[in-house]
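Asks:
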Amino acid sequence: MSNTDDGPRSYDMVAAQAKWQEFWERDKTFQADRAATKERRYVLDMFPYPSGDLHMGHAEAYAMGDVLARLWRMQGYEVLHPIGWDSFGLPAENAAIKMGEHPAKWTYGNIETQKTSFKRYGLSLDWSTELHTSDVGYYKWTQWLFTQFYKQGLAYRKNSFVNWCPKDQTVLANEQVVNGACERCHTPVTKRRLSQWYFKITEYAQALLDDMAGLEAGWPERVLAMQRNWIGRSEGAHVDFVIEGREEPVTVFTTRPDTLWGATFMVVAPDSELAGELCSEAAREAFEAYLERVKQSTEIERQSTEHEKTGVDLGISAINPVNGERIPVWAADYVLAEYGTGAIMAVPAHDQRDLDFARKYGIPVTVVIDTGEADPRESGIATVGDGNYINSGPLNGLSDKKSGVAKAIEVLRERRAGAGTVTYRLRDWLLSRQRFWGCPIPVIHCPSCGEVPVPDDQLPVELPDLRGADLAPKGVSPLAGEAAAEWRNVPCPQCCGPAERDTDTMDTFVDSSWYFYRYLSPNDDTRAFDPAEVSAWMPVDQYVGGVEHAILHLLYMRFFAHVLHDLGLIDFNEPMRRLLNQGQVINQGKAMSKSLGNGVDLGKQIDAYGVDAVRLTMVFASPPEDDIDWADVSPASSLKFLQRAYRLATEVLSAPGADPATGNIELRRATHRAIKAVTDLVAIGRFNVAVARVMELVNATRRTLDANPAAGADAAVREAVGFVAQALSLVSPYVAEEMWELLGYAPSIANSVWPVADEALLANDTVVMVVQVQGKVRAKLEVPEAITEPEATELALADPAVVRALDGRAVAKVIVRLPKMVSIVPA
RNA sequence: GCCCGAGUGGCGGAAUGGUAUACGCGGUCGGCUCAAACCCGGCUGGUGGUGACACCUUGGGGGUUCGAAUCCCCCCUCGGGCACCA
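Residue 826, in numbering that gives the first Met the number 0, is where the first sequence stops; the numbers in between run on with no holes.
1. Indicate whether the contact test is met: 3 or more Cβ pairs, each with one atom in the segment 73-85 and one in the segment 639-652, closer than 8 Å.
2. Here's the rule I'm using: 16 or more other beta-carbon atoms within 10 Å means buried, otherwise exposed. How should D11 be labelled?
3. Quick check on this structure: which residue in A103, G99, L79, Y76 has the alpha carbon closest to the alpha carbon of G88?
4. Quick test of the definition: if touching needs 3 or more C-beta pairs under 8 Å, does the segment 134-141 touch the segment 739-749?
5. Quick one: Cα of E272 to Cα of G341, how far?
6. Mind checking L185: buried by the 16 CB within 10 Å criterion, or exposed?
7. Considering Y197, what are the terminal residues of the beta strand (DSSP E) in which it resides?
8. Can you tell me whether N158 is buried or exposed? The criterion is at least 16 other CB atoms within 10 Å of its CB, across all chains shown.
9. For S9, which three-state DSSP category applies?
10. Going by DSSP in three states, N178 sits in which element: helix, strand or coil?
11. Write down the C-beta distance between V755 and V723 rounded to the nearest angstrom, noting that I regard them as a contact closer than 8 Å.
12. Looking only at its own chain, which residues have a Cβ that is under 8 Å from the Cβ of F286, when we skip the five neighbours before and after it?
13. Grouping DSSP H, G and I as helix and E and B as strand, with all else coil, what is P825?
14. Please classify N572: is it buried, with 16 or more other beta-carbons within 10 angstroms of its beta-carbon, or exposed?
15. Give me, in chain order, the residues of the same chain whose beta-carbon lies closer than 8 Å to that of A418; leave out the 5 immediate sequence neighbours on both sides.
16. Counting only the same chain and skipping the five closest in sequence on each side, list residues whose C-beta sits under 8 Å from that of D529.
17. Since L638 contacts Y608 with CB under 8 Å, what's their CB separation in whole angstroms?
18. Cα-Cα, which of P574, D628, L470, Y423 is closest to I200?
19. Could you say which of S50, M768, L595 lies nearest to A95 if we only look at CA atoms?
20. Quick one: give me the first and last residue of the alpha helix (DSSP H) that V618 is part of.
21. What three-state label does DSSP hand E784 in the structure shown?
22. Quick one: give me the first and last residue of the beta strand (DSSP E) that D125 is part of.
23. Report the three-state DSSP secondary structure of N319 (helix, strand or coil).
24. Whole angstroms is fine: what's the gap from R255's alpha carbon to N173's?
25. In three-state DSSP terms, what is V546?
26. When the Cα atoms are used, what is the spatial distance from V451 to A479?
27. Please name the residue, chosen from W436, A357, E650, that lies closest to Y107 on a Cα-to-Cα basis.
28. Judging by CA-CA distance, which residue of V176, H548, E307 is the nearest neighbour of Q226?
29. Helix, strand or coil for G711 per DSSP?
30. At the level of alpha carbons, what is the spacing between A60 and E337?
31. Going by the DSSP bridge assignment, what does V770 pair with across the sheet?
32. Tell me which residue opens and which closes the alpha helix (DSSP H) that D65 is part of.
33. In whole angstroms, give me the CA-to-CA distance for P248 and V562.
34. Taking only heavy atoms of the ligand FMN into account, decide whether any of them is closer than 6 Å to the Cβ of L519.
35. When we look at the beta-carbon of F198 and count the other beta-carbons within 10 Å, is it buried (16 or more) or exposed?
36. What does G121 pair with, by DSSP beta-bridge criteria?
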């Protein structure tokens, strides 16, 4: 403790950082006690990809998660706050190719660098459960989970057109195609027909949708909206059309079965198998040429809004099941092979796409709903609203879509030509990647037994050490190359005949779909995770990460949980109770990027202002979910504030056990108001406002000290400064530890007991009562908090400003809200 | 086109039916200093007025209410997601 003029008046952030890092490590301050009988809390940050070093984005995200982890620890919960590395992935492989090194070297080297930065950043992380998805001890269990999925029929291989990135020379999941381009390298994606592994996420489409109801309280609405959108539930009907000269009918999906009487042609996706099957001999040549053209075009071209619809007549006819009309069948690129049944009935009068196509190719247009708008045949604009049904047999006489659809489905059922149904936009998760640095798919292809999953006792399938081999993308996995021949050629686990390993690796989103279970027993080599530990700690109480994962990781990990639940491995469906999507750190209105040269170096910020100030700046700048523009904030002023707070601790003269009960009552009230506000605000994630309340308490304490030379000895000052230190420890742990030590308490402040506000001190002797006349504030009166309604009314009506505002008018009504407001309504 | 979210001082933001602009940044005036930096203190939404004070102000317009940034309707703008999904 020091209060002499020559004592330290400011904290040395560099020394404090070194000192407390060492202390926390030695003390194992943040290591969770697995045997604890206390109530548990699990705080989880999305684990980082070891891309080089900690950057501004990480810094913000991890600062947010740490606030809650530290609050809950001080509130007496046993908190688990683990960390690990999402360490498989393309950047490592690309770096390895560039530098001629093994991806592991780059990856684990980065982890060392990043780990040092994490430790300096002062997060309350439990390093004892650190894991790496690229460790054999981890990916063995990724493989085991794959085989479990396989046995349930939830992992399967199929041959179809897939998204292909020509630059990375690998396939991509739908979720990884952004605006028709590779989400990673932005190269336009093309289509390739390949045999690939999929997870059957579509089987869980409805379950994933249904369970969102339970997430509404804890997840941001926008993430749920994005997931709903992505799953894309669509209600409609299947309709069977008989094809002339073919036994099997063709089924189409439509959301508008009520317009069936207006169908004037049918369209199938050119790249579907169906198109090739249906095509007449006469049209064959034209169709093949057309298909070739479609395959050549990139997704960007295809999806362009200016893209004009094209197609070819397949030279055959379909029969409309409700009116027996013969309609032509076309192949056109505006119909997608993967959605619905890959075939549609086209109703040009009431669907704009069909109308555009019909007008271009001279196909007739039949209006079956009179909406009172212009005739689509003349206007070129399809009418899609409610109206009177015409030329629609049993629907004639109806006048709204809802009953039209219901009636149409009834007709279809009677004729056994269709039924109501639901379709989803969601596709199965394509998980094969033609790359080296990932988890090998544990399947062996045997010429006689076919696909054989690697038996449990032969797991893991370890990656071969291809050091020195050429990993450059060639369109097939490096594991399919000559260098891996020895690894690849193995006996079939079933018949022992010669067989080959699958040479693809898994999408890294598979690795990250289950890491939070593994944290609970990271070294268990007998199973993927311990169900008892999972049951004790999960679901996760707070998950923190970027919104960019809204429909990738966050959907995949939910799917995994549903499957794990169905496999009986976990006892819940939804692993994350609450989700916080922190915003991004931007600079001068734009995302930081090399090309713009507006990047802000985290290390330099920390060197200049210290960890405490940088973290405080992040937390105070804006609500956690909003972006922070580094050009708008001031880490220098954060540091200034922290020094102001620190200085208070140097001025405390009372002893550590001093009873604040007889201390300065005004300051005590300010302290307890702050305790209440900060506790509540942090719990609901309003961290920026909580910091503002701490600043107010610092200001109030400063004023108390400045007003009275003896105030340093007042225990109320100690109480205030103690809470300032505790509250600051959520964000700026180094200065908080320094203050705590100055106050004479034993370290660490992280083990201190978070105070509970004293209700008696939340009340005031007097409050400001506002008097409104006709809704306008006319007077502010200092009144006792215990004022009664008649007293308040009398005081209000007697106020000169109120009298002036009433201007002689009688009072019609007085509304009193004790003790803060009186509203007077003149006659 | 469809689905979300948001518009508050010069700036980041606070207030979610009851004192609009908390807290901070910036600005400005003053103190300390030979001086400057640091630090400390005052003032700081707009218009009018010497002043007490008055009027206006939460993207725009309307409504509900004693009272609206907050709730309802219409419109505008920005951000995000999806998008030839039948």
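We put the beta carbon where it would ideally sit given N, CA and C, even for glycine. The model shown is predicted, which means the values in this text are computed figures rather than measured ones.
Replies: Answer, in terms of the structure:
1. Judged by Cβ distances under 8 Å, the segment 73-85 makes no contact with the segment 639-652, as fewer than three pairs qualify.
2. The residue you call residue 11 lines up with position 12 of the first sequence. It counts as exposed.
3. Here residue 88 corresponds to residue number 89 of the first sequence, with the count starting at 1. When each option's Cα is compared against that of G88, the closest is A103.
4. Judged by Cβ distances under 8 Å, the segment 134-141 makes no contact with the segment 739-749, as fewer than three pairs qualify.
5. Counted from its first residue, the first sequence places residue 272 at position 273. Counted from its first residue, the first sequence places residue 341 at position 342. Here the alpha carbon of E272 sits roughly 9 Å from the alpha carbon of G341.
6. On the first sequence, residue 185 is found 186 positions in, with the first residue counted as 1. The sequence shown places His at residue 185, not Leu. Exposed.
7. Mapped onto the first sequence, residue 197 falls at position 198. Where Y197 is concerned, the enclosing beta strand (DSSP E) stretches over 189-198.
8. Indexing the first sequence from 1 puts residue 158 at position 159. Exposed: under 16 other Cβ atoms inside 10 Å.
9. Here residue 9 refers to the residue found at position 10 when the first sequence is read from its first residue. Residue state, collapsed to three classes: coil.
10. Along the first sequence, one-based indexing puts residue 178 at 179. Residue state, collapsed to three classes: coil.
11. Locating residue 755 in the first sequence gives position 756, where the first residue counts as 1. Locating residue 723 in the first sequence gives position 724, where the first residue counts as 1. For V755 against V723, the beta-carbon gap comes to about 17 Å, at or over 8 Å, which does not count as contact.
12. Within the first sequence, the letter at position 287 stands for residue 286. Contacts found: P269, A274, G275, C278, V311, L313, A330.
13. Residue mapping note: residue 825 aligns to position 826 of the first sequence, counting from 1. Strand, per DSSP.
14. Locating residue 572 in the first sequence gives position 573, counting from the first residue. Classification for N572: buried.
15. Position 419 of the first sequence, counted from the first residue, corresponds to residue 418. Contacts found: A236, H237, I408, L411, R412.
16. As a first step, residue 529 is located in the first sequence; it is residue number 530 there, counting from the start. Once the five neighbours on either side are set aside, the close Cβ partners of D529 are L519, S520, D523.
17. The residue labelled residue 638 in the question sits at position 639 within the first sequence. The residue labelled residue 608 in the question sits at position 609 within the first sequence. With 8 Å as the limit, L638 and Y608 qualify as a contact, their Cβ atoms being about 5 Å apart.
18. As a position in the first sequence, residue 200 is number 201, starting the count at 1. Taking each of P574, D628, L470, Y423 in turn and checking the Cα distance to I200, the smallest one comes out for Y423.
19. Translated into the one-based positions of the first sequence, residue 95 becomes position 96. The option with the nearest alpha carbon to A95 is S50.
20. Stepping through the first sequence from its first residue, residue 618 is reached at position 619. Unbroken alpha helix (DSSP H) run through V618: 601-620.
21. Numbered from its first residue, the first sequence carries residue 784 at position 785. E784: coil per DSSP, three-state reduction.
22. Here residue 125 refers to the residue found at position 126 when the first sequence is read from its first residue. Residue range 125-131 is occupied by the beta strand (DSSP E) that includes D125.
23. Position 320 of the first sequence, counted from the first residue, corresponds to residue 319. Coil, per DSSP.
24. Here residue 255 corresponds to residue number 256 of the first sequence, with the count starting at 1. Here residue 173 corresponds to residue number 174 of the first sequence, with the count starting at 1. If you draw a straight line from the Cα of R255 to the Cα of N173, it is about 27 Å long.
25. As a first step, residue 546 must be located in the first sequence, where it is residue number 547. In the structure shown, V546 falls within a helical segment according to DSSP collapsed to helix, strand and coil.
26. Translated into positions along the first sequence, residue 451 becomes position 452. Translated into positions along the first sequence, residue 479 becomes position 480. For V451 and A479, the distance between alpha carbons rounds to 18 Å.
27. As a working mapping, residue 107 is identified with position 108 in the first sequence. Closest by alpha carbon: W436.
28. What you label residue 226 is simply residue 227 of the first sequence in a count that begins at 1. Looking from the CA of Q226, the closest CA among V176, H548, E307 belongs to H548.
29. Mapped onto the first sequence, residue 711 falls at position 712. When DSSP states are grouped into helix, strand and coil, G711 belongs to the helix group.
30. Your numbering for residue 60 matches position 61 in the first sequence. Your numbering for residue 337 matches position 338 in the first sequence. Here the C-alpha atom of A60 lies approximately 37 Å from the C-alpha atom of E337.
31. Stepping through the first sequence from its first residue, residue 770 is reached at position 771. Beta-bridge pairing links V770 to A778, V821.
32. Residue mapping note: residue 65 aligns to position 66 of the first sequence, counting from 1. Residue range 55-73 is occupied by the alpha helix (DSSP H) that includes D65.
33. What you label residue 248 is simply residue 249 of the first sequence in a count that begins at 1. What you label residue 562 is simply residue 563 of the first sequence in a count that begins at 1. Their Cα atoms are separated by approximately 35 Å.
34. What this structure holds is no ligand at all, so the ligand FMN is not there to describe.
35. The residue you call residue 198 lines up with position 199 of the first sequence. That one is buried.
36. Sequence index remark: in the first sequence, residue 121 carries index 122 (1-based). According to DSSP, G121 shares a beta bridge with no other residue.
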